Amino acid sequence: PLVTTKEMFKKAYEGGYAVGAFNVNNMEIIQGIVKAAAETKSPLILQVSAGARKYASPVYLKKLVEAALIEHPELDIALHLDHGEDFEICKACIDDGFTSVMVDGSHLSFEENIELTKKVVEYAHARGVVVEAELGRLAGIEDAVNVSAEDATYTDPKQAVEFVEKTGCDSLAIAIGTSHGAYKFAADSDPKLDIERLKVISDLLPGFPLVLHGASSVVPEYVAMCNEYGGKLVDAKGCPEPQLRESAKYGICKINIDSDLRLALTGTIRQQFSKDPSNFDPRKYLAPAREAIYGMVKHKMINVLGCDQK
Ligand code: G3H
Ligand code: 13P
Ligand code: NA
Ligand code: ZN
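Structure, rendered in structure tokens:
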């Protein structure tokens with residue numbers, strides 16, 4: 021059924037694993053992810069960004085998720101708004117039947133972030149919807165904002181406690197060195213998340229679910245596939261899988277993945293175009309792309325998130 025993340029996060033917290041939150045933009049992406057969740061018996065968060073709503077139109081995405089639930093009534097799926105930038109979009113998604121929304125006030129001052137988050141929490145909770153907020157700033161490219169590395173600020177642990185107390189949010193996205201997109205770390209660097217900071221935040225907020233954005237591994241196999249078949253993704257680099265797995269032991273209950281879906285889809289389509297240049301039937305290249313997403317997500321669920329059979 022369609023559920024909130026409340027129970028999911030409680031179990032994930034206690035079990036030391038994380039639930040995958042995957043960005044969805046079309047039918048093939050949803051089908052690939054849902055097949056992996058069904059096969060591995062995993063809880064699932066499907067998240068929709070403002071850009072996704074604009075691309076597919078809100079009603080299509082909602083109906084595609086409903087279709088997934090008709091096909092797999094045994095699955096627990098949360099429908100979540102990713103990076104809601106103001107009250108209006110959060111309200112629209114709550115009114116549309118989303119079970120969870122993110123209000124991203126991370127670009128605002130501490131006080132303004134609290135104020136906006138509180139307003140969304142009040143509206144959401146009155147309607148049985150849960151709220152993810154964000155404190156601290158990730159580097160990288162988001163929907164509209166491009167946060168440069170210098171503007172990125174790791175989450176302050178004491179502020180996190182005050183923020184959660186004052187807003188009543190249900191989960192909190194924190195900045196500990198991840199970033200959005202395919203270029204998270206310098207090519208010659210040894211990528212490191214600030215796990216020590218995570219431990220401090222988590223110790224100060226016992227039992228409280230934390231969220232990791234920008235958590236794609238930027239799967240090298242798919243980067244290579246893109247590049248082999250005419251793409252140009254120079255020096256792409258993501259989060260090492262063992263560090264993601266470790267973060268789930270310290271309160272991270274939700275791990276956001278979008279870039280890896282894009283890479284699996286694009287790499288496979290490029291490969292198909294190259295292998296069969298005379299084909300112009302979209303099903304012939306979208307089916308293997310959907311299959312690649314399925315395989316990639318299944319691997320994440322079992323080996324990175326640890327949410328299989330849960
Ligand atoms: O955080 C950003 C997500 O990857 C969604 O990206 O806003 O281009 O849909 P998007
Ligand atoms: P990636 O770009 O690492 O996949 O992050 C996705 C994300 O955080 C969506 O909110
Ligand atoms: Na953000
Ligand atoms: Zn994000």
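Take 21 as the starting number for the sequence shown in our numbering and just add one per residue. Glycine residues also receive a C-beta, built at the ideal position from the N, C-alpha and C atoms. Predicted model, so just to flag it, every value in this text is computed and none were measured.
Residue i bridges to which residues according to DSSP?
{"i": "Y270", "result": "Per DSSP, none; premise fails for Y270."}
{"i": "M122", "result": "E152"}
{"i": "D102", "result": "S69"}
{"i": "R265", "result": "DSSP output for R265 lists no bridge partner at all."}
{"i": "H145", "result": "DSSP output for H145 lists no bridge partner at all."}
{"i": "H233", "result": "According to DSSP, which records beta bridges pairwise, H233 is partnered with nothing at all."}
{"i": "R217", "result": "In DSSP, R217 forms no bridge with anything."}
{"i": "A41", "result": "I65, N276"}
{"i": "L192", "result": "A153, L230"}
{"i": "I97", "result": "L22, L64"}
{"i": "T173", "result": "R157"}
{"i": "Y314", "result": "DSSP lists no partner for Y314."}
{"i": "Y203", "result": "K257"}
Mind checking whether residue i and residue j have CB atoms under 8 Å apart?
{"i": "H287", "j": "C327", "result": "Correcting the residue type first, residue 287 is Gly in the shown sequence and not His. It is not a contact, given that the beta carbons lie outside the stated cut-off."}
{"i": "V123", "j": "C113", "result": "no"}
{"i": "A41", "j": "N276", "result": "yes"}
{"i": "D102", "j": "V151", "result": "no"}
{"i": "T187", "j": "K138", "result": "yes"}
{"i": "V238", "j": "K204", "result": "yes"}
{"i": "A193", "j": "G36", "result": "no"}
{"i": "V121", "j": "V85", "result": "no"}
{"i": "F29", "j": "S191", "result": "yes"}
{"i": "V317", "j": "G52", "result": "yes"}
{"i": "L66", "j": "A72", "result": "no"}
{"i": "A375", "j": "A312", "result": "Coverage of the chain is limited to positions 21 through 330, which leaves residue 375 absent and any answer about it impossible."}
{"i": "G258", "j": "S236", "result": "yes"}
{"i": "G197", "j": "T173", "result": "no"}
{"i": "S105", "j": "A70", "result": "Checking the sequence shown, residue 105 turns out to be Glu, not Ser. For E105 and A70, yes; Cβs fall inside 8 Å."}
{"i": "A146", "j": "C189", "result": "no"}
{"i": "L136", "j": "F118", "result": "no"}
{"i": "S177", "j": "I215", "result": "Before going on, a small fix: residue 177 reads as Pro here, not Ser. Result no, Cβ atoms of P177 and I215 do not sit closer than 8 Å."}
{"i": "S199", "j": "L158", "result": "yes"}
{"i": "P211", "j": "P260", "result": "yes"}
{"i": "E60", "j": "I322", "result": "Checking the displayed sequence, the identity of residue 60 turns out to be Thr instead of Glu. Yes; because the gap between Cβ atoms is below 8 Å, this pair is in contact."}
{"i": "A207", "j": "D280", "result": "no"}
{"i": "G125", "j": "E132", "result": "yes"}
{"i": "H100", "j": "A58", "result": "no"}
{"i": "D296", "j": "N43", "result": "no"}
Would you mind giving the Cβ-Cβ distance between residue i and residue j, rounded to the nearest angstrom? I have them listed as a contact below 8 Å.
{"i": "K55", "j": "Y314", "result": "5 Å"}
{"i": "G271", "j": "F228", "result": "7 Å"}
{"i": "V184", "j": "A98", "result": "Wrong, their Cβ atoms sit about 20 Å apart, outside the cutoff."}
{"i": "P21", "j": "D116", "result": "In fact, because the Cβ distance is near 17 Å, the residues do not count as touching under 8 Å."}
{"i": "K320", "j": "P63", "result": "About 13 Å; that fails the 8 Å criterion."}
{"i": "D180", "j": "L224", "result": "Looking at the sequence itself, residue 180 is Ala, so the reference to Asp does not match. At roughly 7 Å, the Cβ-Cβ gap stays under 8 Å, so A180 and L224 are in contact."}
So with Cβ pairs under 8 Å, would you call residue i a contact of chain D?
{"i": "L285", "result": "In the structure shown, chain D cannot be found, because there is only a single protein chain."}
(request) Would you be able to state if there are at least three C-beta pairs under 8 Å between the region 225-233 and the region 263-276? (result) Because the criterion of three Cβ pairs below 8 Å is met, the region 263-276 and the region 225-233 touch.
(message) Quick check: the region 46-60 against the region 302-321, are at least 3 beta-carbon pairs closer than 8 Å?
(response) Touching, yes, given that three or more Cβ pairs across the two stretches are closer than 8 Å.
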